[in-house]
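K.L.:
Sequential numbering from -8 applies to the sequence shown in the working numbering.
Every residue, glycine too, gets a C-beta built ideally from N, C-alpha and C.
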Amino acid sequence: MSRFFSSKYSNLEAYVPGEQPSDMDRYVKLNTNESPFPPSPKALRYAAEKTRVLNLYSDPQSQVLTQAIARTYDVEPDMVLATNGSDEALNFAFMAYTDKENPALFADITYGFYPVFAELNASPYETIPLREDFSLCVDDYIGKRGTVFIANPNAPTGVALPVSEIERLVKSDENRIVVIDEAYVDFGAQSCVSLTKKYKNLIVCQTFSKSRSFAGGRLGYAIASKEIIADLNTIKYSTNPYNINSMTSAMGIGILSDEAYTKENCNAIIENRKYTVDALKNMGFKVLPSCANFIFISSDKIDGTKLYTRLKEKGVLVRHFTKDRISNWCRVSIGSRKSMEIFITKVKEILAEAGSKEAI
């Protein structure tokens, strides 16, 4: 860092994204929870028709996109804010609703951006341990002062809470904000969007990156009461009014017009997840129950670091985390059936090699 860097960021530890190697063709990439499927052809055609307006600024209100999101979730347009990825929506929530009087509350094992956003915004925060089985207990949050952030399904575990538990948390204290990050909800979990019509203190964030095959487009959204959306818009217009570019907005509209394509791809991911889980369990792996497009795995036969390293050497990228509690685990994104077959084959090879070395 330069000597000019503000001391207010002296403790800031930046978020570390998953590897994006330049020699991508060498790898089966199962480390960043991207979709193995391209965006909807219908969406691509729609976006191509909009290229002629790129000489003009994008609509700061993203009106057509916002209306499309609202129709998709049966909410009013003034309950929707389109954002530059769901990370922007989350950061807006940290900016708007956390401070010295309202610390951020989130799990010890969860999306790694939450502590970064807290530090970036000089907001105090408390990490609340997951249970031994990596499930989240909402009772641990009830009665605590602060703004709650919950990834549901959680990352990197994939474990999901039922809507009834989230409603119990939201209802327990309607004088504080609860943010539910639903980046992976379309792969088997229940969405809480319907609760935003009932409770004024709930924000639900979603993304086009996972189920809608648009990670490179950086498009997300928040759904909440119109009062909360007005708050978040105040933050947006104070930072980046034109936060959604015209091509991304057009792609989002096109994607939402082809929900059948999204559902078909989600079903394929769910089938490939089951195939992979069954194969890993047959090899003795422990696999957490996942409602996401990834699984969290560990084995007594090989530690997490070695599994990650050996897979990379064999041309398969997965994600490994260094936190003590999960250092023996790896997160594996679910890709195409061919990709998962290659992954399973390489895991079998690695276990066989490990077994041979032990025999020697």
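Classify D315 as helix, strand or coil using the three-state DSSP reduction.
P.N.:
Note: D315 maps to helix in three-state DSSP.
K.L.:
Just the C-alpha distance for I219 and F83, rounded to the nearest angstrom, thanks.
P.N.:
Computed Cα separation, rounded: 11 Å.
K.L.:
According to DSSP, what are the bridge partners of K20?
P.N.:
Per DSSP, L308.
K.L.:
On the criterion of 16 or more Cβ atoms from any shown chain inside 10 Å, does R322 qualify as buried, or is it exposed?
P.N.:
When all chains shown are included, R322 counts as buried.
K.L.:
Taking the C-alpha atoms as reference points, what is the distance between W320 and K314?
P.N.:
Taking the straight line joining both Cα atoms gives about 10 Å.
K.L.:
Could you spell out where the beta strand (DSSP E) holding I141 opens and where it closes?
P.N.:
From DSSP, the beta strand (DSSP E) with I141 extends over T138 to A142.
K.L.:
When burial is assigned at 16 or more other CB atoms within 10 Å of the CB, is R136 buried or exposed?
P.N.:
The residue is exposed, with fewer than 16 neighbouring Cβ atoms inside 10 Å.
K.L.:
Could you round the C-beta distance between D99 and P120 to whole angstroms and report it? I think they count as a contact, below 8 Å.
P.N.:
That belief holds up - the Cβ atoms of D99 and P120 are roughly 5 Å apart, short of 8 Å.
K.L.:
Can you give me the C-alpha to C-alpha distance between T187 and I214, rounded to a whole angstrom?
P.N.:
Their Cα atoms are separated by approximately 7 Å.
K.L.:
Nearest by alpha-carbon distance to R152: which of S31, C128 and E165 is it?
P.N.:
In the sequence on display, residue 152 carries Leu and not Arg. Taking only the C-alpha atoms, the option nearest L152 is C128.
K.L.:
Who does L302 pair with in a DSSP beta bridge?
P.N.:
According to DSSP, which records beta bridges pairwise, L302 is partnered with nothing at all.
K.L.:
Which ranges does the beta strand (DSSP E) cover as unbroken runs of at least 3 residues, wholly within the region 154 to 221, from first to last along the chain?
P.N.:
DSSP runs (the beta strand (DSSP E)) wholly in the region 154 to 221: 169 to 172, 193 to 198 and 211 to 214.
K.L.:
Counting Cβ pairs closer than 8 Å, one from the region 282 to 300 and one from the region 176 to 186, do we hit at least three?
P.N.:
Result yes; three or more Cβ-Cβ pairs closer than 8 Å.
K.L.:
Buried or exposed for R264, please, with buried defined as at least 16 other CB atoms from any protein chain shown within 10 angstroms of its CB.
P.N.:
Buried, because 16 or more other Cβ atoms sit within 10 Å of the Cβ of R264.
K.L.:
How many angstroms separate the CA atom of G245 from the CA atom of A39?
P.N.:
Going from the Cα of G245 to the Cα of A39 covers about 10 Å.
K.L.:
Contact between the region -8 to 12 and the region 156 to 171 is defined here as three or more beta-carbon pairs at a separation below 8 Å; is this criterion met?
P.N.:
Because the criterion of three Cβ pairs below 8 Å is not met, the region -8 to 12 and the region 156 to 171 do not touch.
K.L.:
CB S290 to CB K303, shorter than 8 Å?
P.N.:
No, these two residues do not count as a Cβ contact at 8 Å.
K.L.:
Identify, in the order they occur along the chain, each residue of the same chain with its Cβ nearer than 6 Å to the Cβ of V7, setting aside the five sequence neighbours on each side.
P.N.:
Closer than 6 Å at the Cβ level, and outside the excluded window around V7, lies no residue.
K.L.:
How is the beta strand (DSSP E) around R322 delimited, first residue to last?
P.N.:
Here the beta strand (DSSP E) through R322 covers C321 to S324.
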